[in-house]
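Read through the structure below, which is laid out as structure tokens, and then see the notes.
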Amino acid sequence: MPPQLRHLVRTLLRRQIKRFQPDKPATKAQAAVALTSGRMTAAIHSELFRLEAEKSSRLAEMEEIRSELLLRGDMLRFRGDKRLELKAFEEEIAVRFQTAIHDLNEEKNTQEKSLVEYLKEKTTLDCQRQLLSSLKEEVNQMSERLAFESSSLAIEQQNLEDMSSELQVKQDTMIEAKSILEAEKEALHILRSWVEDEARRNQARAKVLEEVWRRWKWDDVA
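Counting in the numbering used here, the sequence shown tops out at residue 368, every number present.
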């Protein structure tokens, strides 16, 4: 490979490596892109080294053939044929290099798309996580409010039970007082009936005595 082409290949490789392998990846997705790009770059280096070795082997063969051709006086034709062969080989290297660069760009685009999808999914998950946090906070507030209302309800129920007990005591007292009043009323009624009966009996005795007195008085007069 001519020095100019070798320099061009190395320059392009350095640019691609610098472009697709940042020193400090910001995210896991970028790290994955960098790792994949690094593997592609390593593959390109390996391919170039293989091509260099193949070229060296061919140059060695060409040198042997050249020595033989020099001995046979066929150097001009040899140079022309080998120049064409070397040109074709260099063109093949250039095509392979461009193919590798194209594959690397395709891989970069794929990784960038994956990064975009990852960021979208991350944004969606963050929104869902935030919504879940809000729902949890709302549920906690509702639980606290329900606990407070339950406590207030328990206190109110206890107050109602106390009031009910007091009313029951008052009702029992009133029933007892009413029973006593009814008994006293019945006793007064019985006493009144007895007094009235006694009054009637006394009136009857008074009439009898008065009649006896009259008769006795008339008897004396007669």
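From the three backbone atoms N, C-alpha and C, an ideal C-beta is built for every residue, glycine too.
Leaving out five residues on either side along the sequence, give the residues of the same chain with a beta carbon under 8 Å from the beta carbon of residue i.
| i | result |
| --- | --- |
| ASP308 | none |
| ALA175 | Unreliable positioning characterises ALA175 in this predicted model, as indicated by a pLDDT of 46, which lies under 50. The coordinate reading is nonetheless provided below. Contacts found: GLN257, SER260, LEU261, TYR264 and LEU265. |
By how many angstroms is the C-alpha of residue j removed from the C-alpha of residue i?
| i | j | result |
| --- | --- | --- |
| GLN274 | GLU283 | 14 Å |
| HIS335 | TRP362 | 40 Å |
| GLU290 | SER280 | 15 Å |
| ARG360 | LYS353 | 10 Å |
| LEU355 | ASN348 | 10 Å |
| GLN304 | LEU313 | 14 Å |
| ARG351 | GLU328 | 34 Å |
| PHE195 | LYS268 | 41 Å |
| GLU357 | TRP340 | 25 Å |
| LEU337 | LYS331 | 10 Å |
| LEU278 | LEU292 | 21 Å |
| THR319 | ALA333 | 21 Å |
| VAL285 | SER297 | 18 Å |
Thinking C-alpha only, which one of the options is nearest residue i?
| i | options | result |
| --- | --- | --- |
| PHE243 | LYS266, LEU197, LYS233 and GLN276 | LEU197 |
| PHE235 | LYS201, ALA206 and ALA246 | LYS201 |
| ARG204 | SER213, LEU299, LEU232 and ILE247 | LEU232 |
| ALA411 | ILE239, GLU210, ARG229 and ASP227 | Only positions 147 to 368 of the chain appear in this structure, which leaves residue 411 out of reach. |
| GLU209 | ARG229, ALA333 and VAL315 | ARG229 |
Following a CB-centred definition, is residue i positioned closer than 7 Å to any heavy atom of the ligand ATP?
| i | result |
| --- | --- |
| ALA329 | In the structure on display, the ligand ATP does not appear, and there are no ligands present to speak of. |
Closer than 7 Å by C-beta to residue i: which residues in its own chain qualify, once you throw out the five before and the five after it? Chain order, please.
| i | result |
| --- | --- |
| LEU271 | none |
| ILE321 | none |
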